[in-house]
Each structure stands twice: as C-alpha cells, then as structure tokens.
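In what follows, a single structure is set out as structure tokens and then discussed.
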Amino acid sequence: MHNVYFDHDGNVDDLVSLLLLLQMPDVNLIGVGVIDADGYVDPASSASRKIIDLFGHTDRKPAAVAKSNSRPAHQFPKEWRLSAFSFDDFPILNEHGAPQTPLAEKPAHLDMVDAIKQSDTPVTLVMTGPLTDLARALTTDPSIADNIDQLYWMGGTMNNQGNVSEPGQDGTVEWNAYWDAQAVKTVWASPLKITMVGLDSTDQVPLTKELRIRWAKQRRYPALDLIGQGYSLVHSFEANSTYYLWDVLTTLVSDYPDLVDSKPVKSAVIDHAPAEGRTYITDTGRDITFVTNVHAEAFFDKIDELAKSAAD
754 MHNVYFDHDG NVDDLVSLLL LLQMPDVNLI GVGVIDADGY VDPASSASRK
804 IIDLFGHTDR KPAAVAKSNS RPAHQFPKEW RLSAFSFDDF PILNEHGAPQ
854 TPLAEKPAHL DMVDAIKQSD TPVTLVMTGP LTDLARALTT DPSIADNIDQ
904 LYWMGGTMNN QGNVSEPGQD GTVEWNAYWD AQAVKTVWAS PLKITMVGLD
954 STDQVPLTKE LRIRWAKQRR YPALDLIGQG YSLVHSFEAN STYYLWDVLT
1004 TLVSDYPDLV DSKPVKSAVI DHAPAEGRTY ITDTGRDITF VTNVHAEAFF
1054 DKIDELAKSA AD
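Using my numbering, the letters of the sequence shown map in sequence onto residues 754 to 1065.
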C-alpha cells in the first residue's frame, strides 16, 4: 500500500482516472485536488466528491476534495471544458442525494502541502492537468520535495507535435504545459523524480467507436456504465481535436508501469512564445523518465479489470 495524491483538471478522462485510482488495491488515496483547466472547477469538484462517495473504499479514500484557486496563463477552449457539467449531472452520481465527501477548507496547493507533510511514507503524485498547484506547493514549502516519491505527469510532448492551435503559438506545445508554462519550469527546476506521459504515448490510445462499444457491452458493471456514459460526452469534432485516454494512461502507469515502455532522457522547458510550454530533449536538461510506447491491449484490459472490481 502506498500513499497517492491526485491532482486533476476535471474533464471526463480525469474523472475516470479518479474512479480507477479508487479501485487500485495497493493505493491509499490521501488527497484529491481539482484545478480549473480542462474542466470547470465547480462541477468537476462536485463530480469528484460523488465518485468518491459511490466508488471509494471506506478504509482508503480521501477525506475531502480540494478546489484550486490557481489561474491560467492560457485557458483551455470552452468547448472542451463543458463536459464537466454534464458528467456531474449523471443520474448514477445523483440518485443518493448531495455528496457526502466534503470540500477541503484550504485551496488545492495548500491541501497538497498538508497531505504530503502529514504522510508517514513518501507520496506518489499523479497529476493529469497543469502543474500549477505543485509549483505553488513547492514555492510555499520546498521541504515537501523530501516526502515525494515520484511525480507522474500527463503533459508535454517530445516530438514537437503539440495539440495547441492558438494565435502566437508554433504548434509544438501540449495544452497542460501551455496552461502555465512557468509552473512546468518551476517543477523541472525541483529535485523531484518525474515520469512524463506526453502526447507521444497518449496518442497511441485514442477513443474509438470500438472502445465505446466495448464498454457499452459491459454496462451491467456500474463503473463501466459510468465510464461509457462519460466518454459519450466527448467527440472528435469538438474544437477539432481527437480525444485520447491521456489521463487514464498516466494514472494506470503510476501503479502498473509494465503497461508501457519508458526510457531515461534529459529534458528542458521553454517558457516564452511562440513555443511557450514546449518540452524538449537536450543534453543539458534535467533527468526524467519518458514514456515512449503503450501496450494497448493490456492497458484496456486493466481498465476493465479495475472498473469491474468497483463496488456500487
């Protein structure tokens, strides 16, 4: 059993990641932070609380969900973010009434500081949104780095093929990094051990029609029913972007590293336009572990396995 703090930004993939983290038998989820990025923070926080109520295990679920008050340098497209409202309205999450898991009293970056400092073992950080809350936490109390085992982050890309199409950008940047490039720079300057799950590997696990049908055929399992409903909210024609299982891949890699191939690289971050947020490999960079390849069949099987194990 190891302690995990999960910081996410509230889109469908993030909420499915939370559901799956709660089912991992050797994960003790000590905290959840929600940042106002790829989803709107209020419905995403509400949905997170309801998922914990419905699918959390009494002996190893977080006591509260912390809302972030961090703000972006560049906000995600509105069209991508709206699914948080619909997810929060799903009947399966609301039939039991208002959420019982409370909101934390402190904002997410301070909640993260407290959870890490109070943990009796080094904490694994799983972050599927921007790194802003971690950067703020490290700035508030640099000593927390001593009690962080490793950071798993969904963000960046090393092949210069980004997913940001905004004025003033050169097309080489990934959105979580672009949201707050300076935060990535701050975290890269820290002593943390980092595993980066960028677009290079997440692009290998697109959301396909076959995958939707696979979950539909298993909707007798409540968690798989919720997963299928969740992904029904997102389609490739929204904001002209294919949906991938970015965050679920990162989340599963944090506990099942054999699902992917990785390699050590030295990397750095650009924090100014036109490549603001670009991550790149360089001999003068800092050491990270970079995920290069996904064993897709095993990955999808693990999603099903964890979801089927969920109690409702």
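Here a beta-carbon is modelled for each residue, glycine too, at the ideal position from N, C-alpha and C. The structure presented is a predicted model; accordingly, all values stated were derived computationally and were not measured.
Our two residues, L979 and Q853, have alpha carbons roughly 19 angstroms apart in a direct line. For the region 808-849, the full-length beta strand (DSSP E) segments reaching 3 residues or more read 818-820 along the chain. The criterion of a C-beta distance shorter than 8 angstroms is satisfied by W906 and V950.
Burial is judged here by how many other beta carbons sit within 10 angstroms of a residue's own beta carbon; G909 has at least 16 and is buried.
A direct Cα-to-Cα measurement between K831 and Q971 gives close to 31 angstroms.
As a beta-bridge residue in DSSP terms, G784 pairs with Y758. In this structure, DSSP gives D1014 an extended state, which the three-state scheme calls strand. In this structure, I869 and Y758 form a Cβ contact; the two beta carbons are roughly 7 angstroms apart against a cut-off of 8 angstroms. C-alpha of E963 to C-alpha of Q982: approximately 15 angstroms in a straight line. Closest in C-alpha terms to D899, from the list V987, V876, A888 and R889, comes V876. The way I'd put it, the region 996-1009 does touch the region 879-896; three or more beta-carbon pairs between them come closer than 8 angstroms. In the three-state reduction of the DSSP assignment, S954 falls in the helix class, which pools H, G and I. Residue pairing by DSSP places Y905 opposite V879 and T948 in a beta bridge. Contact between A888 and A837 does not hold, since their C-beta atoms are separated by about 23 angstroms, which reaches or exceeds 8 angstroms.
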